[in-house]
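Its first residue numbered 348, the sequence shown is counted upward by one per residue in my numbering. We treat Cβ as the ideally placed atom computed from N, Cα and C, and that holds for glycine. For clarity, every value in this text was computed on a predicted model and none was experimentally measured.
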Amino acid sequence: MHIIELIGRIFLSALFLIEGIGKLFTQEQVITYMEDYGVPGILFIPAVVVEILFPLLLIVGYKTKLAASVMTLFTLTVAIIFHTDFGDGMQLIFFLKDIAIAGGFMIVIAHGSNKFSLDHFLKSNSE
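Put into structure tokens, the structure is as follows:
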């Protein structure tokens, strides 16, 4: 079962890693999109850092609960800012997708990481 938990962390993280890296190549378009929703363009770099750094921490299982907490807040914030035009069916689907992903992160917060993680390795070496 430990491998399934690792695969789950990888699946949750993959979307954000791919999107975060992709944003580096489309910076102007992403900043314009953000500003269209009232989000200052100066938040582009912090958003990309969150989308790349914290999913990597989740994958390797380091500071797993903290990383999952940050990703929960990030995902819920994105859902609320960018996907609340429920008159548009696609935006409703995006909103629900984000809520579901946040739920996955919340499960990680509740259970932490298991055998296949740096958290586990560091904890077992300190005992």
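The DSSP-derived three-state label of Gly-385 is coil. In this model, Phe-372 and Ile-365 are separated by some 11 Å (Cα to Cα). Judged by beta-carbon spacing, Gly-385 lies beyond the 7 Å limit of Ser-460, meaning their Cβ atoms are not closer than that value. In the three-state DSSP reduction, Lys-410 falls in the coil class, being neither helix nor strand. Judged by DSSP secondary structure, Glu-474 falls outside any alpha helix (DSSP H); it is assigned neither H nor E. Residue range 436-458 is occupied by the alpha helix (DSSP H) that includes Met-453.
A direct Cα-Cα distance of roughly 25 Å separates Phe-468 from Val-396.
With a threshold of 16 other beta carbon atoms within 10 Å, Ser-360 meets it and is buried.
Taken through DSSP and simplified to helix, strand or coil, Ser-464 comes out as coil. The three-state secondary structure of Thr-373, taken from DSSP, is coil.
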